[in-house]
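Asks: Shown below is the structure under consideration.
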Amino acid sequence: MLCLKYLFSKSILAIIKKKVVSLHNIPHVPVLYREVQEIFEHIEEGTIVDCTMGYAGHSTLILQSNTNIHLIGIDQDQTAIDFSTQRLEPFKDRVQIRKGRFSKMSLEVFEEENNIRGLLADIGVSSLQLDEKDRGFSFDSDNLDMRMDPLSELTAQTVVNTYSQKDLERILSEYGEVRNYKHIASEIISNRPFSSAKELSQCIRPFAPRGKKIHPSTLVFQAIRIEVNNELGELEGLLDSIEKSGLTQARIAIISFHSLEDRIVKQRFKKWSKSCICDDHAMRCTCGNDHSLGKMLSRKPYEAKNDEVKENIRSRSAKMRVFDLGI
Ligand SMILES: C[S@@+](CC[C@H](N)C(=O)[O-])C[C@H]1O[C@@H](n2cnc3c(N)ncnc32)[C@H](O)[C@@H]1O
Numbered sequence: 024m025l026c027l028k029y030l031f032s033k034s035i036l037a038i039i040k041k042k043v044v045s046l047h048n049i050p051h052v053p054v055l056y057r058e059v060q061e062i063f064e065h066i067e068e069g070t071i072v073d074c075t076m077g078y079a080g081h082s083t084l085i086l087q088s089n090t091n092i093h094l095i096g097i098d099q100d101q102t103a104i105d106f107s108t109q110r111l112e113p114f115k116d117r118v119q120i121r122k123g124r125f126s127k128m129s130l131e132v133f134e135e136e137n138n139i140r141g142l143l144a145d146i147g148v149s150s151l152q153l154d155e156k157d158r159g160f161s162f163d164s165d166n167l168d169m170r171m172d173p174l175s176e177l178t179a180q181t182v183v184n185t186y187s188q189k190d191l192e193r194i195l196s197e198y199g200e201v202r203n204y205k206h207i208a209s210e211i212i213s214n215r216p217f218s219s220a221k222e223l224s225q226c227i228r229p230f231a232p233r234g235k236k237i238h239p240s241t242l243v244f245q246a247i248r249i250e251v252n253n254e255l256g257e258l259e260g261l262l263d264s265i266e267k268s269g270l271t272q273a274r275i276a277i278i279s280f281h282s283l284e285d286r287i288v289k290q291r292f293k294k295w296s297k298s299c300i301c302d303d304h305a306m307r308c309t310c311g312n313d314h315s316l317g318k319m320l321s322r323k324p325y326e327a328k329n330d331e332v333k334e335n336i337r338s339r340s341a342k343m344r345v346f347d348l349g350i
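Here it is as structure tokens:
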């Protein structure tokens, strides 16, 4: 079964490299696909922004079920843009595609579009980015790159080979929640420079945390990837731009795979729900008690059901939080 999966992903890569995109070979299965469709299905007109279009799995479902809406798809990865441009061609002028980081592109979109009714962000890496060896995300890659946008400046090689002990410790403990982060940071420093993910993975393997089901390098690689792509900064930037957008009547859905990201989304949605922003210790309200931007659709995040987890293991750690602006 594993072997078949491997051959399947190899053939998809070959197809994409040749730019002969067969739409039966979709390199990424969208998570929480039923829930995403459900939460947007009431939107009958206007525009929905997919901030992480990737391979257009969610975008396709939304365009199919909401037949009058327009969609703006954003991604920073040219390979994803090329694939999705073809995949979404049947929807013709209902679709606009933009390349760039969503923290910045969302600001532009909010300024230009006046009827945005929904926004989706499915934060993180796509299966293809993880599987494609020369992108350097996988443990056995001959590269050490990990950039989602290959034109951006910071690479995993720079992080691993030039960061100070203190900075390596910070990213390992904050972004990877690696228990023995000090030890691993000093192993990296004593054995560098590294030129491939394979070398790095072999060096840290004996010391990396041993999860029950995860590869020992997973958390260390995750931490480096988050740093390289400024993933938490991007998420904060997107939330800032939504907060300043002045959007009314828009449903915001954010899917995250990491507890730190989920916490950021949860706290921001909580803040947006609050009508009174006076200090918790204030004797009485002096702020006007009219600061709420809307409300959370539910307190608990949406999570994948068992049947989806069986079909798509990535969905196991996905959490989606939804906020209605303007209610
Ligand atoms: C998990 S995949 C999305 C998959 C997509 N929902 C689908 O159904 O095919 C995440 C995508 O978001 C993109 N991405 C991640 N962070 C980004 C950012 N800050 N700005 C723009 N695109 C980003 C990645 O390049 C990747 O293609």
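Quick note: this note's numbering has the sequence shown finishing at residue 350, numbered continuously throughout. Yeah, the Cβ is synthetic: ideal placement off N, Cα and C, and Gly gets one too. Since we're looking at a predicted model, the values are computed, not measured.
Thinking C-alpha only, which one of Leu86, Glu68, Glu67, Glu64 is nearest Met76?
Replies: That would be Leu86, whose Cα lies nearest to the Cα of Met76.
Asks: Does Ser279 come out as helix, strand or coil in the three-state DSSP assignment?
Replies: Note: Ser279 maps to strand in three-state DSSP.
Asks: Using only alpha-carbon positions, find the residue among Phe217, Leu153, Ser240, Ala220 that is nearest to Arg228.
Replies: Among Phe217, Leu153, Ser240, Ala220, the Cα nearest to that of Arg228 is on Ser240.
Asks: I'd like to confirm something about Ile247: is its beta-carbon nearer than 7 Å to some heavy atom of ligand 1, or not?
Replies: Ile247 Cβ: outside cutoff for every heavy atom of ligand 1.
Asks: Just the C-alpha distance for Asn214 and Met343, rounded to the nearest angstrom, thanks.
Replies: About 40 Å.
Asks: Hey, would you say Gly80 sits closer than 8 Å to Arg140, going by beta carbons?
Replies: It is not a contact, given that the beta carbons lie outside the stated cut-off.
Asks: Please list, in chain order, all residues with a C-beta atom less than 5 Å from at least one heavy atom of ligand 1.
Replies: In chain order, the hits are His51, Pro53, Thr75, Gly77, Tyr78, Gly80, His81, Asp98, Gln99, Asp100, Ala103, Arg124, Phe125, Asp145, Gly147, Ser149, Met171, Glu257.
Asks: Report the residue ranges of all alpha helix (DSSP H) runs contained in full by the region 250-331; include only those spanning at least 4 residues, in chain order.
Replies: Those alpha helix (DSSP H) runs which fall completely within the region 250-331 and span 4+ residues are 254-267, 282-296.
Asks: Taking 7 Å as the limit between beta carbons, can you name the residues of its chain near Glu257, skipping five residues before and five after?
Replies: Excluding positions up to five away in sequence, the list reads Arg124, Phe125, Ser126.
Asks: Note down the Cα distance separating Cys310 from Thr271, rounded to an integer number of angstroms.
Replies: Between Cys310 and Thr271, the C-alpha separation is close to 21 Å.
Asks: Less than 8 Å between the beta carbons of Tyr198 and Ile249, yes or no?
Replies: In contact: Tyr198 and Ile249 (Cβ atoms closer than 8 Å).
Asks: Specify whether the region 166-184 and the region 291-303 touch according to this definition: at least 3 beta carbon pairs, one from each stretch, less than 8 Å apart.
Replies: In short, these stretches do not touch, since the Cβ pair count stays below three.
Asks: Thinking C-beta only, is Ile278 closer than 8 Å to Ile146?
Replies: Yes, the Cβ-Cβ distance between Ile146 and Ile278 is below 8 Å.
Asks: Mind checking who His93 pairs with in its DSSP beta bridge?
Replies: According to DSSP, His93 bridges with Thr70.
Asks: Any contact of the region 111-124 with the region 94-103, i.e. 3+ C-beta pairs under 8 Å?
Replies: Because the criterion of three Cβ pairs below 8 Å is met, the region 111-124 and the region 94-103 touch.
Asks: If you follow the alpha helix (DSSP H) that Met128 is in, where does it begin and where does it stop?
Replies: Residues 125-135.
Asks: Which one or two residues does DSSP pair with Ile139 in a beta bridge?
Replies: Thr70.
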